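In order, the protein sequences belong to chains X and E.
For the record, in the first sequence the residue sitting at position 144 is 144 according to the working numbering, with numbers rising by one throughout.
Every position in the second sequence, counted from 1, becomes a number in the working numbering once 1000 is added.
Every residue, glycine too, gets a C-beta built ideally from N, C-alpha and C.
Only a predicted model underlies this, so the values are computations on that prediction, with no experimental measurement involved.
Here's the structure, in structure tokens; my notes come after.
There are 2 protein chains.
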Amino acid sequence: MLMAAADQIFGASGKKIRPALVFLVSHATAQLTGLSEITPQHRKLAEIIEMIHTASLIHDDVLDDSDKRRGKETVNRVFGTRVAVLAGDFIFAQTSWLLANLENLEVIKLISQVIKDFASGEIKQTTSLYDCDITMQDYLRKSYCKTASLVAASAKGAAIFSGTSNEVKENMYDYGKKLGLAFQIVDDILDFTRSSEQLGKPAGSDLRKGNVTAPVIYALEKQPALKRLIQTEFINPEDLDTAIELVHQSGGIERARELARNMGDSALDCLSCLQKGPMRSSLEGMVDYVLERLH
Amino acid sequence: MLMAAADQIFGASGKKIRPALVFLVSHATAQLTGLSEITPQHRKLAEIIEMIHTASLIHDDVLDDSDKRRGKETVNRVFGTRVAVLAGDFIFAQTSWLLANLENLEVIKLISQVIKDFASGEIKQTTSLYDCDITMQDYLRKSYCKTASLVAASAKGAAIFSGTSNEVKENMYDYGKKLGLAFQIVDDILDFTRSSEQLGKPAGSDLRKGNVTAPVIYALEKQPALKRLIQTEFINPEDLDTAIELVHQSGGIERARELARNMGDSALDCLSCLQKGPMRSSLEGMVDYVLERLH
């Protein structure tokens, strides 16, 4: 049953953006330190990162009681809460063992901070549902914990295994952080602009659950009526549609797009420490890939 | 709510046998290596071990859908599955970070194996419910994963921070392993011999859930009628009481007691590498403490 649960989530067509990032940064930084190719540690890191991401999705879906993920039914929906908790714990346990056996304290500390950020992010999210006083800074901090921390650690971890200077490590961390934030902002925009079929879950479902994201924070500045709809948790059947309409009218989506593009530009700035060539171009391309989803 | 959840479980009167063990082995092994006192790492290890134990109990109670723990209501009963999953994840995340920051690869690897064993133990238990073909070896392996692995790592981890020889480390590991197995066997006996009030949960509840433990494995050799009652999952209201009665009549409880005592004796043998004195005596006393619960 656990294997079937693993199939359920690993078999869904995830974008695998995190392991791709590990491989690209591994290659790009290996060039800087004169490694002729990437190491087994780099490859194992890519595995570990995707496993951590997947385990966190399984538990997130339990916490949010979600039915759909990547267009397929969630593990908790198909197999129940018990199996989902156990499957998540099992994958986390495997990653903690794999990570320990990479025998690099700097990377172990880096990833342990990510796991802590995940838990903080979930708590921040849970305690700020339907909260219209959340600031952009709160939102970015929450998005950092939930998403960008792992992406940043993916990039920095790859640089560590290449043995780069601290300056390069920190640039890779910042690149991953900005890329992860851009990714989260785009994701939060798509909740308003894509159809349910495109999303693989109902449109507006983040807002319905009370997640106040970038487009909503901007919209609240212009549309005070939105606040009441959120605070009363969309008590009337038409309230959610009204709220989505207000977000569209407010220009909040355009401002959130601008924010995502600025994050993308900041990410690109961090790449100047790398050699020009196909690896650096591909890392630039990842920023385009994340922002392209806006079109 | 998370603090209240933490209070719910940390506030219940746990025996705190694991941190006590860490402190005793820390003192006993520090004497061997000439440390004048135990180190901050020893103390932090005691904290981490109790936190890991507590996090695993919270998730176990979700997996088993348990209502009572240590005589109090479980976190999942009071706060629901969501908070219990999140609280467990949060505590696990904290321990992984605290552990990484102890900066000792040997201890990190040791504890990461325990986390993996926990997950394996839960899976072994889940997949062997109501299975009357389970052998004593299966049972001991499962008990090792669920209980003894953490106790063994507690003792060995303390020896590592004292800087002892590998021989002492392995003796401490074996001591903890045998002590942990004795503890689990005793726990499984008490499920049959103590009243519901003494246990803080209904008597016979392990068997009712399908856990085939040491007294039952012995009883199955003598009482073939027991097999049908277990395999039909106590379908009639009186089946559980009949099964408990059969276990008592079979002499399985006495044989399980004997097994626990043998484990206790093996644990004592591992202590001969330590200096005689109050610390070694207290570690011997822990074996008595575990076995005393049989009376």
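Can you tell which of the options has its C-alpha closest to the C-alpha of residue i?
i, options, result
"ILE115 (chain X)", "E:TRP1097, E:ALA1267 and E:SER1036", "E:TRP1097"
"GLU292 (chain X)", "X:ASP269, X:SER272, X:ARG257 and X:CYS273", "X:ARG257"
"TYR144 (chain X)", "X:GLN184, X:ALA155, X:CYS132 and X:ALA267", "X:GLN184"
"PRO215 (chain X)", "X:ASP188, X:ASP241, X:THR147 and X:ILE230", "X:ASP188"
"ASP1269 (chain E)", "E:GLY1088, E:ALA1119 and E:LYS1177", "E:LYS1177"
"GLN125 (chain X)", "X:GLN137, X:LYS142 and X:GLN113", "X:LYS142"
"ARG1261 (chain E)", "E:ALA1225, E:ALA1182, E:LEU1240 and E:CYS1273", "E:ALA1182"
"GLN1008 (chain E)", "E:LEU1294, E:VAL1078 and E:GLN1137", "E:VAL1078"
"SER26 (chain X)", "X:LYS16, X:LYS15, X:GLY121 and X:ARG43", "X:ARG43"
"LYS68 (chain X)", "X:ARG82, X:ASP206 and X:ASP138", "X:ASP206"
"THR1054 (chain E)", "E:THR1095, E:THR1242, E:ALA1158 and E:THR1135", "E:THR1095"
"GLY14 (chain X)", "X:LEU259, X:SER165, X:LYS72 and X:LEU35", "X:LYS72"
"VAL247 (chain X)", "X:ARG280, X:PRO40, X:THR193 and X:MET263", "X:THR193"
"VAL287 (chain X)", "X:GLY121, X:GLY264 and X:GLU103", "X:GLY264"
"GLU254 (chain X)", "X:ASN171, X:LEU190, X:LEU102 and X:THR127", "X:LEU190"
"LEU1102 (chain E)", "E:GLN1041, E:THR1081, E:GLN1113 and E:ILE1123", "E:GLN1041"
"HIS1295 (chain E)", "E:GLU1167, E:LEU1271, E:GLN1198 and E:SER1250", "E:GLN1198"
"GLY34 (chain X)", "X:SER272, X:PRO237, X:THR242 and X:SER165", "X:SER165"
"GLU122 (chain X)", "E:PRO1237, E:LEU1259 and E:LEU1002", "E:LEU1002"
"LEU259 (chain X)", "X:ILE134, X:GLN113, X:PHE10 and X:TYR139", "X:TYR139"
"GLN223 (chain X)", "X:VAL186, X:GLY277, X:THR242 and X:ARG208", "X:THR242"
"VAL1290 (chain E)", "E:THR1127, E:ASN1236, E:VAL1186 and E:GLY1277", "E:VAL1186"
Kindly give me the distance between the Cβ atoms of residue i and residue j, rounded to whole angstroms, as I take these residues to be in contact under 8 Å.
i, j, result
"ILE1244 (chain E)", "GLY1285 (chain E)", "Between GLY1285 (chain E) and ILE1244 (chain E) the Cβ distance is about 32 Å, and since that is not below 8 Å, they are no contact."
"SER12 (chain X)", "ARG70 (chain X)", "It is Ala, not Ser, that sits at residue 12 (chain X) in the sequence shown. The pair is a contact, with the Cβ atoms about 4 Å apart (cut-off 8 Å)."
"VAL75 (chain X)", "ALA87 (chain X)", "6 Å"
"ILE108 (chain X)", "ALA1100 (chain E)", "5 Å"
"SER162 (chain X)", "ALA267 (chain X)", "With a Cβ gap of about 19 Å, SER162 (chain X) and ALA267 (chain X) do not count as contacting."
"ALA1084 (chain E)", "ASP1061 (chain E)", "7 Å"
"LYS169 (chain X)", "LYS156 (chain X)", "5 Å"
"LEU32 (chain X)", "GLN275 (chain X)", "7 Å"
"LEU1063 (chain E)", "ARG82 (chain X)", "5 Å"
Please work out which residues of its chain come closer than 8 Å, Cβ to Cβ, to residue i, disregarding the five sequence neighbours upstream and downstream, and give them in chain order.
i, result
"TYR130 (chain X)", "GLY210, VAL212, ILE230, GLN231 and GLU233"
"THR110 (chain X)", "Sequence check: residue 110 (chain X) is Leu here, not Thr. Cβ neighbours of LEU110 (chain X) beyond the five flanking positions: ALA153, LYS156, GLY157 and ILE160."
"GLU1037 (chain E)", "ALA1030"
"LYS1016 (chain E)", "GLU1050"
For residue i, collect the residues of the same chain with a Cβ closer than 7 Å to its Cβ; drop the 5 residues on either side in sequence, then sort them by chain order.
i, result
"ALA152 (chain X)", "TYR173, GLY176, LYS177 and GLY180"
"SER154 (chain X)", "ARG18, LEU21, VAL22, ILE49 and GLY176"
"LYS1227 (chain E)", "CYS1132 and LEU1220"
"SER1196 (chain E)", "PRO1202 and ALA1203"
"ILE1046 (chain E)", "In the sequence on display, residue 1046 (chain E) carries Ala and not Ile. If we look at ALA1046 (chain E) and ignore the five residues flanking it on each side, its Cβ neighbours are PRO1019, VAL1022 and PHE1023."
"ALA225 (chain X)", "LEU246"
"MET1051 (chain E)", "ILE1091, GLN1094 and THR1095"
"ALA28 (chain X)", "LEU274, MET279, ARG280 and LEU283"
"ARG1208 (chain E)", "PHE1234 and LEU1240"
Can you list, in chain order, the residues of its chain with a C-beta nearer than 6 Å to that of residue i? Leave out the 5 residues immediately preceding and following it.
i, result
"ASP117 (chain X)", "CYS145 and SER149"
"HIS1059 (chain E)", "GLY1088"
"ASP239 (chain X)", "LEU229"
"MET1136 (chain E)", "ILE1217"
"LEU1171 (chain E)", "Correcting the residue identity first, residue 1171 (chain E) is Asn in this sequence and not Leu. CYS1270 and CYS1273."
"GLN1249 (chain E)", "none"
"GLY1252 (chain E)", "PRO1215, TYR1218 and ALA1219"
"GLU167 (chain X)", "none"
"ILE134 (chain X)", "SER128 and VAL212"
Below 7 Å on C-beta distance, what does residue i contact in chain A?
i, result
"LYS109 (chain X)", "In summary, chain A is missing from the structure at hand, where the protein chains are X and E."
Looking at the ligand PLP, does it come within less than 7 Å of residue i, judged from the CB to the closest heavy atom?
i, result
"ILE1048 (chain E)", "This structure lacks the ligand PLP, and indeed carries no ligand of any kind."
For the segment 191 to 263 of chain X, which segments carrying the alpha helix (DSSP H) assignment without a break, of at least 4 residues, lie completely within its bounds, in sequence order? 196 to 199, 205 to 208, 214 to 222, 225 to 231 and 239 to 250
By the 7 Å beta-carbon criterion, what residues does the segment 1140 to 1162 of chain E contribute toward chain X? Those would be none; no residue qualifies.
Can you list, in chain order, the residues of the segment 180 to 210 of chain X whose Cβ is nearer than 8 Å to any Cβ on chain E? For the segment 180 to 210 of chain X, which is checked against every Cβ of chain E, not one residue is closer than 8 Å.
With 8 Å as the C-beta to C-beta threshold (strictly closer), list the residues of the segment 28 to 55 of chain X near chain E in chain order. none
Can you pull out the residues from the segment 1229 to 1250 of chain E whose beta carbon lies closer than 7 Å to at least one beta carbon of chain X? none
Any C-beta of chain E within less than 8 Å: which residues of the segment 93 to 104 of chain X qualify? If the cut-off is 8 Å between Cβ atoms, the segment 93 to 104 of chain X has ALA93, GLN94, SER96, TRP97, LEU99, ALA100, ASN101 and GLU103 near chain E.
What are the start and end residues of each continuous alpha helix (DSSP H) run of 4 or more residues lying completely inside the segment 1028 to 1071 of chain E, in chain order? 1040 to 1063
By the 9 Å beta-carbon criterion, what residues does the segment 57 to 90 of chain X contribute toward chain E? HIS59, VAL62, LEU63, ASP64, ASP65, THR81, ARG82, VAL83, ALA84, VAL85, LEU86, GLY88, ASP89 and PHE90
Mind listing which residues of the segment 115 to 127 of chain X have their C-beta closer than 9 Å to chain E's C-betas, in chain order? ILE115, LYS116, ASP117, PHE118, ALA119, SER120, GLU122, ILE123, THR126 and THR127
So if I threshold CB-CB distances at 9 Å, which residues from the segment 1002 to 1031 of chain E count as touching chain X? LEU1002
If you scan the segment 111 to 177 of chain X from start to end, which runs of the alpha helix (DSSP H) of 4 or more residues do you find wholly inside it? 136 to 143 and 149 to 162
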